[in-house]
Amino acid sequence: MISDKPGLIEAVRDRFAHVDICPFEGPRVFFENAGGALRLKSVVETSALYASYPDNQGRPNGASQTLMRAIDQGKADMRLFLNAPSGVVFVGESGTEVLFRLVRNAATGAAAGGVMLRSTLEHPALGSSMTHWAKQTGRALIEVAHDDATGVVDVEAYKAALRPDIRVASIIHTSPVTGKATDVKAIAAAIRAVAPEALIIVDGIQHACHGPVDVVDYDIDGYALSPYKMFSRHGYGVGWASDRLTATDHEQIIGNGPQSWELGTRDAGSYATFSDVVAYFDWLGGQFSTSDDRRERLEAAGAAIHAEETRLEHWLIAGTGNLRGLAEMPGVHLIAGDGVAGREGVVSLTLDGWDTKALVEFLGERGVRTHIRKADNYSGNVLKPLGLPDCLRVSFCHYNTEGEVAKFLGAMEEALTHR
Numbered sequence: 147m148i149s150d151k152p153g154l155i156e157a158v159r160d161r162f163a164h165v166d167i168c169p170f171e172g173p174r175v176f177f178e179n180a181g182g183a184l185r186l187k188s189v190v191e192t193s194a195l196y197a198s199y200p201d202n203q204g205r206p207n208g209a210s211q212t213l214m215r216a217i218d219q220g221k222a223d224m225r226l227f228l229n230a231p232s233g234v235v236f237v238g239e240s241g242t243e244v245l246f247r248l249v250r251n252a253a254t255g256a257a258a259g260g261v262m263l264r265s266t267l268e269h270p271a272l273g274s275s276m277t278h279w280a281k282q283t284g285r286a287l288i289e290v291a292h293d294d295a296t297g298v299v300d301v302e303a304y305k306a307a308l309r310p311d312i313r314v315a316s317i318i319h320t321s322p323v324t325g326k327a328t329d330v331k332a333i334a335a336a337i338r339a340v341a342p343e344a345l346i347i348v349d350g351i352q353h354a355c356h357g358p359v360d361v362v363d364y365d366i367d368g369y370a371l372s373p374y375k376m377f378s379r380h381g382y383g384v385g386w387a388s389d390r391l392t393a394t395d396h397e398q399i400i401g402n403g404p405q406s407w408e409l410g411t412r413d414a415g416s417y418a419t420f421s422d423v424v425a426y427f428d429w430l431g432g433q434f435s436t437s438d439d440r441r442e443r444l445e446a447a448g449a450a451i452h453a454e455e456t457r458l459e460h461w462l463i464a465g466t467g468n469l470r471g472l473a474e475m476p477g478v479h480l481i482a483g484d485g486v487a488g489r490e491g492v493v494s495l496t497l498d499g500w501d502t503k504a505l506v507e508f509l510g511e512r513g514v515r516t517h518i519r520k521a522d523n524y525s526g527n528v529l530k531p532l533g534l535p536d537c538l539r540v541s542f543c544h545y546n547t548e549g550e551v552a553k554f555l556g557a558m559e560e561a562l563t564h565r
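Note that the sequence shown covers residues 147 to 565 in our numbering.
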């Protein structure tokens with residue numbers, strides 16, 4: 147694990163901007179990663195550099211050609227990260243916009259008739275697009291219910307809803323509210339067994355910084371990322387479309403060729419900053435693998451991140467040192483149970499006797515940044531069935547530490563005495 151290797155967690159944290167100090171409020175523990183992860187320092191530098199370039203793409207000069215090389219490298223790095231040797235990678239305005247485009251083009255490009263299939267666990271970036279385009283294409287929308295107790299939707303729940311005329315199906319890789327990951331590969335295989343021609347779109351926005359991604363292994367047709375949640379910056383999303391989805395009559399500038407997905411000229415800095423992220427994963431994977439294969443090093447990084455975050459989850463839920471964990475604290479109610487298995491960077495909870503907004507502020511005053519999730523159009527699909535108006539979300543990444551967990555648990559103990 148990362149924290150087992152002498153000096154490695156310090157080296158990891160040194161690569162991130164504002165890792166322990168808010169530029170506006172001073173020292174703090176950053177447990178709000180699901181709302182946007184910390185930025186790599188290299189991403190900050192690259193963003194400034196590319197923002198300064200006045201030259202445009204596709205011109206016969208050295209500056210323009212340099213930008214084009216950065217774009218080509220960014221696309222190659224996107225393919226490597228996703229393990230996508232085929233299909234098309236492209237950049238959009240955000241992860242949400244990319245999901246809407248993937249769903250829209252799948253729904254309009256699929257064979258006429260049939261139905262669409264989604265789950266109730268989905269973030270509205272995916273759920274809203276599925277709902278909208280089922281209506282626009284005159285298809286019934288089948289909803290697979292997630293399990294309120296476990297905070298996940300499993301393959302058996304999908305199997306019960308499957309039918310041969312499914313045209314488009316969607317899967318969320320990890321819930322940003324429950325923190326639980328789905329078995330994308332098993333769910334996709336179950337869908338293929340009954341509806342082999344279905345176009346399968348996956349929301350990987352919450353998952354991507356917590357473990358490896360492998361679209362070939364999943365056997366899907368679309369995958370979306372939000373780079374600001376994986377150590378890059380706001381302002382762009384990354385999408386992948388399979389050859390089969392690309393072969394449909396999808397939106398594109400006429401004359402740009404069948405492989406075209408991007409609409410308009412994108413910021414070359416988007417591609418360059420994604421390359422920074424992949425370079426970081428490559429470096430981290432090199433601490434755990436001696437392989438000369440870059441993809442294998444990325445997989446090693448993903449495995450190391452997952453292992454480190456599992457340890458963080460254990461400390462949060464079961465305690466560390468002489469501090470009891472959340473599962474032992476009276477009045478604390480953990481959403482999706484107190485198990486560690488299947489969690490990816492999120493523990494959500496309520497505390498008896500506390501207004502959640504006030505609890506967020508209480509923790510913030512003690513130097514711990516968390517967030518409130520409300521039963522609104524973003525998180526109501528999870529919270530309303532539980533009868534909860536809101537919850538406290540504690541979200542973390544592999545650069546967080548045992549000491550930071552201890553500070554949070556200490557602040558929670560203090561909150562227990564203030565009820």
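The C-beta atom is built at its ideal place from N, Cα and C for all residues, glycine as well. Note that this is a predicted model, so its numbers are computed, not measured.
By Cβ distance, which residues of its chain are closer than 6 angstroms to Y426, with the 5 residues on each side in sequence left out? The residue labelled residue 426 in the question sits at position 280 within the sequence shown. If we look at Y426 and ignore the five residues flanking it on each side, its Cβ neighbours are L186.
Beta strand (DSSP E) runs wholly inside the region 212–259, at least 3 long, in chain order: Counting only runs of 3 or more, we get 234–238.
Cβ distance (whole Å) where Q189 is taken to contact V423 below 8 angstroms: The sequence position of residue 189 within the sequence shown is 43, counting from 1. The sequence position of residue 423 within the sequence shown is 277, counting from 1. Before going on, a small fix: residue 189 reads as Val here, not Gln. Yes, they are in contact, since the Cβ atoms of V189 and V423 sit about 7 angstroms apart, within 8 angstroms.
Quick check: the Cα distance between T563 and T496, rounded to an integer number of angstroms? Taking the first residue of the sequence shown as position 1, residue 563 is located at position 417. Taking the first residue of the sequence shown as position 1, residue 496 is located at position 350. One alpha carbon belongs to T563, the other to T496, and they sit about 15 angstroms apart.
What would DSSP say about P322, mapped onto helix, strand or coil? Taking the sequence shown and counting its residues from 1, one reaches residue 322 at position 176. For P322, the secondary structure class from DSSP, reduced to helix, strand or coil, is coil.
Taking the straight line between their C-alpha atoms, what separation do you get for Y196 and A370? Position 50 of the sequence shown holds residue 196. Position 224 of the sequence shown holds residue 370. C-alpha separation (whole angstroms): 24 angstroms.
For L532, three-class secondary structure by DSSP: Walking along the sequence shown from the start, residue 532 turns up at place 386. It is helical.
Name the residue from R379, E343, L154, E511 whose alpha carbon lies nearest to the alpha carbon of A183. As a working mapping, residue 183 is identified with position 37 in the sequence shown. Closest by alpha carbon: R379.
Straight-line CA distance for V493 to G401? In the sequence shown, residue 493 corresponds to position 347, counting from 1. In the sequence shown, residue 401 corresponds to position 255, counting from 1. Roughly 48 angstroms between the two C-alpha positions.
Quick check on the DSSP output: the alpha helix (DSSP H) that includes M276 runs from which residue to which? Within the sequence shown, residue 276 is the residue found at index 130, counting from 1. From DSSP, the alpha helix (DSSP H) with M276 extends over 270–282.
Hey, quick one: how far does the beta strand (DSSP E) through R264 stretch, first residue to last? Here residue 264 is taken as the residue at index 118 of the sequence shown, counted from 1. Start and end: 261–265.
If we ignore side chains and look at the alpha-carbon of each, how far apart do Y374 and V384 end up? As a first step, residue 374 is located in the sequence shown; it is residue number 228 there, counting from the start. As a first step, residue 384 is located in the sequence shown; it is residue number 238 there, counting from the start. Each residue's Cα considered, the two are about 11 angstroms apart.
Is it true that the CB of D367 sits closer than 8 angstroms to the CB of R390? As a working note, residue 390 is residue 244 in the sequence shown. As a working note, residue 367 is residue 221 in the sequence shown. The answer is yes: Cβ separation under 8 angstroms.
DSSP bridge partner residues for P173 (one or two, in chain order): The residue you call residue 173 lines up with position 27 of the sequence shown. Partner(s): I167.
CA nearest to the CA of I499, picked from T296, R565, R457: Within the sequence shown, numbered from 1, the residue matching residue 499 stands at position 353. One detail in the question is off: residue 499 reads as Gly in this sequence, not Ile. Considering only alpha carbons, the answer is R565.
Give me the Cα-Cα distance between F542 and R489, rounded to the nearest whole angstrom. As a working mapping, residue 542 is identified with position 396 in the sequence shown. As a working mapping, residue 489 is identified with position 343 in the sequence shown. Straight-line Cα distance between these residues: approximately 11 angstroms.
Under the three-state reduction of DSSP, which class applies to H460: helix, strand or coil? What you label residue 460 is simply residue 314 of the sequence shown in a count that begins at 1. H460: helix per DSSP, three-state reduction.
If you compare alpha carbons, which of V249, E239, A303, Y199 is closest to S388? Taking the first residue of the sequence shown as 1, we reach residue 388 at position 242. Nearest of V249, E239, A303, Y199 to S388, Cα basis: V249.
Over what stretch of residues does the beta strand (DSSP E) that includes I337 continue unbroken? Working through the sequence shown from its first residue, we reach residue 337 at position 191. Counting along the chain, I337 falls outside any beta strand (DSSP E), though it belongs to the alpha helix (DSSP H) covering 330–340.
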